[in-house]
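Reviewing the structure listed below.
In mature numbering (1 follows the signal peptide of the UniProt record, and there is no 0), the protein residues as written are -16 to -1, 1 to 113.
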């Protein structure tokens, strides 16, 4: 069985024998959150830095145009996020391990965006926080 992927105007089309399968890859952004105080910003007295090593949370914003909340399936593992709808699919390897059991997902209907907030888990977090 031979799979030939082709990119046609932003849509991946994979032809497997005579059965076409089309999949749209949705757009996403990863933003990091960090709890800082005035001492961290102005006096730089703490161990926090502006890098992702000092961030507590990772926010993944997934844009799903023409999608309803009822159609969204989300599965988050330690280092992988899987989001599926009838029109879109996103399999995202996360840049940091996360606590998938305490994550939070919100749907912004006006922007048609799924906002997933995940707590980053690191071995040496006690040194940064």
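For every residue, glycine included, the Cβ atom is placed at its ideal position computed from N, Cα and C.
- Where residue 89 is concerned, the enclosing beta strand (DSSP E) starts and stops at 82 to 92.
- Check the Cα spacing between residue 13 and each of 79, 54 and 71: the tightest is with 79.
- Straight across, the Cα-Cα distance linking residue 30 with residue 69 is about 43 Å.
- One Cα belongs to residue 90, the other to residue 34, and the distance between them is close to 26 Å.
- Here residue 84 has 60, 61, 62 and 102 as same chain residues with Cβ atoms under 8 Å from its own Cβ, once five neighbours each way along the sequence are excluded.
- Note that the C-beta distance between residue 47 and residue 10 is below 7 Å.
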